[in-house]
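Q: According to the working numbering, the sequence shown holds residues 738 to 1106 in order.
C-beta: ideal position from N, C-alpha, C; glycine also.
No experiment lies behind these values; they were computed from the predicted model shown.
I have a structure here, written as structure tokens, and I will follow up with some questions on it.
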Amino acid sequence: MIATMHVPFVDLKAQHRALAPEIETAVRGVFERGDFILGPAVEQFEAEYAALIGTRHAISVGTGLAAIELALRAYGVGRGDEVITAANTFIATVLAIAAVGATPVLVDMDRDTYTIDPAAIAAAVGPRTRAIVPVHLYGQPVDLDGVMAVAARHNLLVIEDAAQAHAARYGDRRAGSFGHAAAYSFYPSKNLGAYGDGGIIVTNDDAAAQRLRLLHNYGQRVKYYHSVFGTNSRLDTVQAAVLRVKLPHLESWNATRRRHAAAYGARLPEAVHTPVEAPKGEHIYHLYVIETADRDRMLQHLRARQIDAGIHYPVPAHLQEACAPLGYKAGDFPRTEAAAARILSLPMYPELTDAQIDYVVEAVANAVQ
Ligand SMILES: Cc1ncc(COP(=O)(O)O)c(C=O)c1O
738 MIATMHVPFV
748 DLKAQHRALA
758 PEIETAVRGV
768 FERGDFILGP
778 AVEQFEAEYA
788 ALIGTRHAIS
798 VGTGLAAIEL
808 ALRAYGVGRG
818 DEVITAANTF
828 IATVLAIAAV
838 GATPVLVDMD
848 RDTYTIDPAA
858 IAAAVGPRTR
868 AIVPVHLYGQ
878 PVDLDGVMAV
888 AARHNLLVIE
898 DAAQAHAARY
908 GDRRAGSFGH
918 AAAYSFYPSK
928 NLGAYGDGGI
938 IVTNDDAAAQ
948 RLRLLHNYGQ
958 RVKYYHSVFG
968 TNSRLDTVQA
978 AVLRVKLPHL
988 ESWNATRRRH
998 AAAYGARLPE
1008 AVHTPVEAPK
1018 GEHIYHLYVI
1028 ETADRDRMLQ
1038 HLRARQIDAG
1048 IHYPVPAHLQ
1058 EACAPLGYKA
1068 GDFPRTEAAA
1078 ARILSLPMYP
1088 ELTDAQIDYV
1098 VEAVANAVQ
């Protein structure tokens, strides 16, 4: 047994150390210019981000939650509409749907990939269904062919929740470029993280992009002339400056995450279930999620060895107290519920070292002996 070493769940300090001189210069520039709100770095970052995803537009906003909410609002989704999403998602997806006044309709996942099951979506479509919000959970693109086919059959809007999947590919295109729009989060631990909150919406729809530009900035076309009831949800110039430094590294960070995932996958003991990649989607491992029968004991075992593991998520959306008014109950989504009892996320970030991976693998192996 190697001596104890701390393995954090993510290491934001390591990434900062590698980029500190460039980031400090970029941020100092914003401080010196004083262009804190909608400064030129915001527009530059939006153009660079849209180019990366391959969409005509990118509109940055204050959070990933706001990105989903505003994308739905830009298409007029609201009261009386039903919006289908995954039961196994971070609560923000459900909150965004509820925030526009629509009713979240939850469905089960594919048991192998943890992504929304297109057959379950099809079964949930009813006369009031307006939209689907598929979630590229853990960094793995959903079955976009399947989801887009259901949407086309029923003439539904698709807003991709790509909060956990910056730059992941599906076939030869980026996830996020398939739906009417896609929403991303720059929460610091995401695979592209800001130094605070942030989000962005991408779309090829010129009219939606125009509405989003109004909605996120007080509904104003010109300063102090307000054409719609908008809100204030803008990416700070400081965050845009940080993200511009990080963006050119994203592809190599994703590739490194995939290498770490391959190392875990090759060496973790048979007794734990390792992630399954869907044939067309490129999983970028925002999270590396394993399954094990005695999950809580494994978690304790890892924590005792100073390995920060996590559970994403311990309680599925339909069983959250906040979702009680939606009327779901235990047993409604058996695949989601079975996974929730067994999943465990191991440390995953590009700066993870071989020695740390060795240490985590050994600790997991010891736990299942
Ligand atoms: C799947 C998913 N959707 C939406 C969000 C919301 O993003 P934010 O925290 O930036 O509001 C997150 C992350 O927090 C997420 O993981």
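Can you tell me whether residue 1057 sits near ligand 1, meaning its C-beta is under 7 angstroms from at least one heavy atom of the ligand?
A: Locating residue 1057 in the sequence shown gives position 320, where the first residue counts as 1. Residue 1057: no, Cβ never under 7 angstroms from ligand 1.
Q: Restricting to Cα atoms, I'd like to know which of 902, 839 and 982 is closest to residue 1063.
A: The residue you call residue 1063 lines up with position 326 of the sequence shown. With distances taken between Cα atoms, residue 1063 lies closest to 839.
Q: Spatial neighbours of residue 1018 within its chain, please: CB distance less than 6 angstroms, with the 5 preceding and 5 following residues excluded, ordered by chain position.
A: Taking the first residue of the sequence shown as position 1, residue 1018 is located at position 281. Counting only Cβ-Cβ distances below 6 angstroms, and skipping sequence neighbours, we find 877, 878 and 907.
Q: Note down the Cα distance separating residue 1006 from residue 1098, rounded to an integer number of angstroms.
A: Locating residue 1006 in the sequence shown gives position 269, counting from the first residue. Locating residue 1098 in the sequence shown gives position 361, counting from the first residue. Distance between the alpha carbons of residue 1006 and residue 1098: 8 angstroms.
Q: Expressed to the nearest angstrom, what Euclidean distance is found between the alpha-carbon atoms of residue 1102 and residue 1080?
A: Sequence index remark: in the sequence shown, residue 1102 carries index 365 (1-based). Sequence index remark: in the sequence shown, residue 1080 carries index 343 (1-based). Near 16 angstroms, if we compare the C-alpha coordinates of residue 1080 and residue 1102.
Q: As a quick exercise: from 1052, 1053, 1060 and 1036, pick the residue whose alpha carbon is nearest that of residue 1046.
A: Against the sequence shown, residue 1046 aligns to sequence position 309. Residue 1046 has its Cα closest to that of 1036, out of 1052, 1053, 1060 and 1036.
Q: Taking DSSP as the reference, what is the three-state secondary structure of residue 997?
A: One-based indexing of the sequence shown puts residue 997 at position 260. Helix at residue 997.
Q: State the start and end residues of the unbroken alpha helix (DSSP H) segment that holds residue 1015.
A: As a working mapping, residue 1015 is identified with position 278 in the sequence shown. No alpha helix (DSSP H) holds residue 1015; DSSP gives it neither H nor E.
Q: Residues in its own chain within less than 6 angstroms of residue 1053 by CB, not counting five upstream and five downstream?
A: On the sequence shown, residue 1053 is found 316 positions in, with the first residue counted as 1. Once the five neighbours on either side are set aside, the close Cβ partners of residue 1053 are 824, 825, 1073 and 1077.
Q: Using the C-alpha atoms, what's the distance from residue 1028 back to residue 1094?
A: In the sequence shown, the residue the question calls residue 1094 occupies position 357. In the sequence shown, the residue the question calls residue 1028 occupies position 291. Cα to Cα, the separation comes out at about 17 angstroms.
Q: I'd like the list of long-range same chain contacts for residue 746, defined as Cβ closer than 6 angstroms, with 5 residues on each side in sequence excluded.
A: As a first step, residue 746 is located in the sequence shown; it is residue number 9 there, counting from the start. Answer for residue 746: 1045, 1047 and 1084, listed in chain order.
Q: Since residue 834 and residue 802 are thought to touch, with beta carbons under 8 angstroms apart, how far apart are those beta carbons, to the nearest angstrom?
A: Translated into the one-based positions of the sequence shown, residue 834 becomes position 97. Translated into the one-based positions of the sequence shown, residue 802 becomes position 65. About 11 angstroms; that fails the 8 angstroms criterion.
Q: Could you tell me the alpha carbon to alpha carbon distance between residue 979 and residue 761, rounded to whole angstroms?
A: On the sequence shown, residue 979 is found 242 positions in, with the first residue counted as 1. On the sequence shown, residue 761 is found 24 positions in, with the first residue counted as 1. If you take the alpha carbons of residue 979 and residue 761, they lie about 9 angstroms apart.
Q: Can you check DSSP and say which residues form a bridge with residue 920?
A: Working through the sequence shown from its first residue, we reach residue 920 at position 183. 898 and 938.
Q: Report whether the distance from the Cβ of residue 805 to the nearest heavy atom of ligand 1 is below 7 angstroms.
A: The residue given as residue 805 occupies position 68 in the sequence shown. For ligand 1, at least one heavy atom lies less than 7 angstroms from the Cβ of residue 805.
Q: Cα separation between residue 965 and residue 799?
A: Looking up residue 965 in the sequence shown gives position 228. Looking up residue 799 in the sequence shown gives position 62. Going from the Cα of residue 965 to the Cα of residue 799 covers about 19 angstroms.
Q: Taking the alpha-carbon positions, what's the residue 1091 to residue 1105 distance?
A: Translated into positions along the sequence shown, residue 1091 becomes position 354. Translated into positions along the sequence shown, residue 1105 becomes position 368. Spanning the two alpha carbons is a distance of roughly 21 angstroms.
Q: With burial defined as no fewer than 16 other Cβ atoms inside 10 Å of the residue's Cβ, what is the status of residue 743: buried or exposed?
A: To locate residue 743, count along the sequence shown from 1; it is residue 6. Flag for residue 743 reads exposed.
Q: Going by DSSP in three states, residue 1031 sits in which element: helix, strand or coil?
A: The residue given as residue 1031 occupies position 294 in the sequence shown. Three-state result, residue 1031: coil.
Q: Please state if the CB of residue 914 and the CB of residue 791 are separated by a distance shorter than 8 angstroms.
A: Here residue 791 corresponds to residue number 54 of the sequence shown, with the count starting at 1. Here residue 914 corresponds to residue number 177 of the sequence shown, with the count starting at 1. Contact: yes.
Q: Taking C-alpha atoms, which residue in 1040, 1033 and 987 lies nearest to residue 1023?
A: The residue labelled residue 1023 in the question sits at position 286 within the sequence shown. Checking every option, the nearest Cα to that of residue 1023 belongs to 987.
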